[in-house]
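Chain order of the listed sequences is A and B.
Using the numbering used here, read the first sequence as starting at 742 and increasing by one per residue.
Using the numbering used here, read the second sequence as starting at -10 and increasing by one per residue.
Just so you know, even glycine gets a beta-carbon here, dropped at the ideal spot from N, CA and C.
To start, the structure under review is shown below, and the notes come after it.
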Amino acid sequence: AQSVTQPDIHITVSEGASLELRCNYSYGATPYLFWYVQSPGQGLQLLLKYFSGDTLVQGIKGFEAEFKRSQSSFNLRKPSVHWSDAAEYFCAVAPYNNNDMRFGAGTRLTVKP
Amino acid sequence: EAGVAQSPRYKIIEKRQSVAFWCNPISGHATLYWYQQILGQGPKLLIQFQNNGVVDDSQLPKDRFSAERLKGVDSTLKIQPAKLEDSAVYLCASSPEGQGRETQYFGPGTRLLVL
């Protein structure tokens, strides 16, 4: 069955520290992969997406993600976290040949001063 | 460019009552989506419209949920009667013609609490 797993429900990092949010998927073939961010009371904003090609994808706000086929993972990273990055982060996958899109349960990021 | 608009932003009702949510997508966007986001979960697609036609409503609980997009622009999602488990944030999103869910823009959502 198709699934998206974000193993970490909640992560706390200090401002200026590096960040990695994990995402694993289970699909029959390599799907399209996405990371979204949701600030309190706001809709989802697309950070980055991977369709094909270079497995290291650059996104907005200084985020990047790396697709690893062998591990079925698409982890999100940022070298230095800012207090404004505190939010909920969702990984999502969509098969290339249809419109089905599945979201993970999300990881809530808290940033300590 | 104006974003996806939704109203109301918050709604509190009692179970068995009815409720309706409104969404106005980005101008010119042909595709409109409604998602349900239960606390602690990711969004789940309820229904997808292409202009005024339904593309996918496989996860819409049709015994109580209905949605329409009569003129291919704004859309209304209704719940009748509401249950406690319908408490969630209802997100609307839209995407341009010819582009799928990989290019969707989300509204701020309507937070529903059913008591």
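DSSP lists B:V103 as the beta-bridge partner residues of I2 of chain B. Among the residues facing chain A, E91 of chain B is included, as its CB has a counterpart in that chain under 8 Å away.
If only complete runs of 3 or more residues are kept, the region 801 to 831 of chain A shows the beta strand (DSSP E) at 805 to 809, 814 to 819, in order along the chain.
Closest by C-alpha distance to A846 of chain A, out of A:Y837, A:F831, A:K853, A:W824, is A:F831. By the CB criterion at 8 Å, Y768 of chain A and Q743 of chain A fall inside the cutoff.
Within the region 773 to 806 of chain A, those residues whose Cβ lies closer than 9 Å to any Cβ of chain B are, in chain order, Y773, F775, Y777, Q779, G782, Q783, G784, L785, Q786, L787, K790, F792.
Here S814 of chain A has N765 as same chain residues with Cβ atoms under 6 Å from its own Cβ, once five neighbours each way along the sequence are excluded. The Cβ neighbour count for D75 of chain B, taken over all protein chains shown within 10 Å, is at least 16; the residue is labelled buried. In this model, H751 of chain A and T851 of chain A are separated by some 8 Å (Cα to Cα).
Just so you know, the alpha carbons of Y777 of chain A and E805 of chain A end up roughly 12 Å apart.
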